[in-house]
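These notes are about the structure you will find just below.
Given below as structure tokens:
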């Protein structure tokens, strides 16, 4: 499947690779060398060095006038000029899609198989070894691999990566190279350039951003098998807001985000930052000049304020390293809202950890999010009693996770864990790790699996196959909204004895003449006062089937508290027919509202197949909460203002509640989920 050819855009060898105007040249000039590009940045900045506000170091002193600092001042001056022009800048980012001439992918192995696009951001001198190992583990001719090499990377690194790509038609080193700054928005831009290169030209399912410090823990077969049920959903780590609305999970992240959010920044061409109108507090006494793995952080007084979110919107923190659905990838390139968030966040420290989480959480994509990035890492604070102890005391590891060593191969949290990738992998750091990993992955590629490595997310998927419990943190877009809360499972009854001496059983043999628990006793499921919900757990455990699962529509008992299905559902389906109840049609405009009275709902699945419990948010978007197995139960603390749907795993609507359910005394409202006949089948 070759890509159509296209003429490559011409680029000025400046700070952020600005495009030439269309009329500036009829043909693109030859690409500049890396050294020429850096010299071009210096030359452009030199014109502004004398007019820009003075740059001050962490101690509030002017930068030294030594040659070592000269190029840095020039880059900062050019970056400041561009930032001051931001109000006149177009609302959409300028992206540089690759023509992908000569790039092609093989057909999918079989119809409907998952196709992946990997975008690798390479910055280190050791990128060649890291990327080679990623390709070895993950390669498939039907996938696409795009590699961005930082403009600052050594020439030898570029040559090695180009050599890796030369032998494979579906591996491409991007010709548009940006100066990438640790902790800056330029860590996001290469991903957006890559997306713009293929989202409209390739049929794909997921985009997986990777860095040159990612170590693959799975083979391609394992990746595809895991992702197959998750089409249309993105996987990204998003932290909930604290009770006071601040970013991060707890006090441990207050320094790294709540503090830094008050300091807009300008990137200095991939070599450091300018903080605007105030100096950044010293975060690491051992490196007072810098923040994390950044270059120098200096300050200057500029009449500049970056765009802000709209009223009611929030910035979210998480990770850039996730798995993006095809729909989200296209949204990031084409939708004006995604570009607006880029303009909001491009002048913030750690913008790479803010952009994707904020875009997802302020769009429809939050509803299907799997809130995990499936990366394992050895965090420095794991050596302390709590993360807060680490963050509050030494503050010496602002570069993130610790480097992996040979011990990672036996660690149940890393190579022997349930994740897809491990971070941070730096090939020269530990030669023993390279030998151990290469042998381990080689065996897996020879179809010799590691019996000590569980499947991806095995523990969670055992009870929740679609990881619905790993959903996005709640985001109340309107005041007063609160999501349904899953209640703890209750014990269920095996047998009931009544005051008149009679009894009934929940055993699988109830009501019959065979042997077994409850043999010969009446079934509680058939009691006139609808005690069937009490028996579902017991019937499931013994392999039995509740009476109502096989009963006709007329024999099914009403719930213990009357429910009110939505009027449109009653009009367009739900009445019993000769072939069974007709499945309802989804009501237009159905959504949850604010307020309402407290309500306990008990969903009882009486179908012979698993179903999904879905809550509708204030915009009418469906948020899958839980999968209930056959004969299973799920209980929620909710509100009378909540709207609900229940669907089969294939998407067929089985039930809809419009929020007009009322609580009766202290008993839960029991919602019986029963089979139905699709409307088109009923008409036939």
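Residue numbers (mature numbering (1 follows the signal peptide of the UniProt record, and there is no 0)): -26 to -1, 1 to 658. Using N, Cα and C, we set each Cβ at its ideal position, and we do this for glycine too.
Cβ pair residue 643, residue 576 closer than 9 Å: In this structure, residue 576 lies closer than 9 Å to residue 643 by Cβ.
By Cβ distance, which residues of its chain are closer than 7 Å to residue 104, with the 5 residues on each side in sequence left out? Cβ neighbours of residue 104 within its own chain (closer than 7 Å, five residues either side excluded): 186, 187, 399, 401.
Inter-residue spacing [alpha-carbon to alpha-carbon] between residue 29 and residue 331: Those two C-alpha atoms are separated by around 32 Å.
Just verifying my parser: in three-state terms, what is the DSSP assignment at residue 291? Secondary structure of residue 291 (DSSP, three-state): coil.
Sorted by chain position, which residues of the same chain lie with C-beta nearer than 6 Å to residue 194's C-beta, five sequence neighbours on each side aside? Beyond the five residues adjoining it in sequence on each side, residue 194 comes within less than 6 Å, by CB distance, of 112, 114 in the same chain, given in chain order.
Could you check what DSSP says for residue 513 in three-state terms: helix, strand or coil? The predicted position of residue 513 is uncertain, since its pLDDT is 34 and thus under 50; a value taken from the coordinates is nonetheless stated next. Here residue 513 sits in helix by DSSP.
Return helix, strand or coil for residue 552, following the three-state DSSP convention. For residue 552, the predicted structure reports a pLDDT of 44, less than 50, and the residue's modelled location is therefore unreliable. A value from the coordinates is still provided. Per DSSP, reduced to three states, the secondary structure at residue 552 is coil, with no helix or strand assignment.
Measuring alpha carbon to alpha carbon, tell me which residue in 632, 587, 622 is nearest residue 649. Nearest neighbour of residue 649 by Cα position, chosen from 632, 587, 622, turns out to be 622.
Taking 9 Å as the threshold (C-beta atoms), are residue 345 and residue 445 in contact? Contact flag set, yes.
I need the straight-line Cα distance from residue 191 to residue 652, nearest angstrom please. If you take the alpha carbons of residue 191 and residue 652, they lie about 43 Å apart.
Contacting residues, own chain, Cβ-Cβ under 8 Å from residue 657 (five flanking each side not counted): The beta carbon of residue 657 sits closer than 8 Å to none of the beta carbons in its chain outside the five residues before and after it.
Per DSSP, residue 273 forms a beta bridge with which residues? Paired residue(s): 30, 249.
How many angstroms separate the CA atom of residue 611 from the CA atom of residue 214? So the alpha carbons of these two residues sit roughly 20 Å apart.
Rounded C-alpha distance that separates residue 181 from residue 119: The C-alpha of residue 181 lies about 10 Å from the C-alpha of residue 119.
With DSSP collapsed to three states, give me the class of residue 600. It is a strand residue.
Alpha carbon to alpha carbon, how far is residue 590 from residue 616? Rounded to the nearest whole angstrom, the C-alpha separation of residue 590 and residue 616 is 7 Å.
Status (buried if at least 16 other CB within 10 Å, exposed otherwise) for residue 477: Classification for residue 477: exposed.
Grouping DSSP H, G and I as helix and E and B as strand, with all else coil, what is residue 488? Any answer about residue 488 is weak, because its pLDDT of 42 lies below 50 and its placement is not dependable; what the coordinates show is given next. In the structure shown, residue 488 adopts coil according to DSSP, grouped into three states.
Are residue 496 and residue 479 close, meaning C-beta to C-beta below 9 Å? In this structure, residue 496 lies near residue 479, with their beta-carbon atoms less than 9 Å apart.
Pull up the distance between the alpha-carbon of residue 176 and that of residue 94, whole angstroms please. Straight-line Cα distance between these residues: approximately 18 Å.
Between residue 327 and residue 292, which are expected to be in contact by the criterion C-beta below 8 Å, what is the C-beta distance as a whole number of angstroms? Indeed they touch by this definition, with Cβ atoms about 6 Å apart.
Can you tell me which of the three DSSP states residue 659 falls into? The first residue shown for the chain is -26 and the last is 658, placing residue 659 beyond what the model contains.
Stretch-stretch touch, CB-based, cutoff 8 Å, three pairs: the segment 159 to 178 with the segment 383 to 390: Touching, no, given that fewer than three Cβ pairs across the two stretches are closer than 8 Å.
Three-state secondary structure (DSSP) of residue 200: The answer is helix: DSSP assigns residue 200 an H, G or I state.
What does residue 298 pair with, by DSSP beta-bridge criteria? Per DSSP, 181.
Beta carbon of residue 281 nearer than 9 Å to that of residue 248: Not closer than 9 Å, so no.
Going by DSSP, what residue range makes up the alpha helix (DSSP H) through residue 78? Judged by DSSP secondary structure, residue 78 falls outside any alpha helix (DSSP H); it is assigned neither H nor E.
Three or more beta-carbon pairs under 8 Å between the segment 141 to 156 and the segment 56 to 75, yes or no? In short, these stretches touch, since the Cβ pair count reaches three.
Comparing alpha-carbon positions, which option in 314, 628, 632, 655 lies nearest residue 647? The residue with the shortest Cα to Cα distance from residue 647 is 628.
Using C-beta distances below 6 Å, list every residue in its chain close to residue 302, excluding the 5 sequence neighbours before and after it, in chain order. Setting aside the 5 residues that flank it on each side, residue 302 is surrounded in the same chain by 208, 339, each with a C-beta closer than 6 Å to its C-beta; the list follows chain order.
Give the range of the alpha helix (DSSP H) segment to which residue 411 is assigned. Note, residue 411: alpha helix (DSSP H), 405 to 419.
Residue 484 versus residue 467: straight-line alpha-carbon distance, rounded: Cα to Cα, residue 484 sits roughly 14 Å from residue 467.
Note down the Cα distance separating residue 198 from residue 278, rounded to an integer number of angstroms. Cα-Cα distance, rounded: 47 Å.
Roughly how many angstroms lie between the CA atoms of residue 334 and residue 471, to the nearest whole one? If I take the Cα positions, the gap works out to 53 Å.
Straight-line gap, residue 571 to residue 459 (C-alpha atoms, nearest Å): Residue 459 has its alpha-carbon roughly 14 Å from the corresponding atom of residue 571.
Looking at the strands, I want to know which residues DSSP matches up with residue 607. Note: residue 607 sits in a beta bridge opposite 578.
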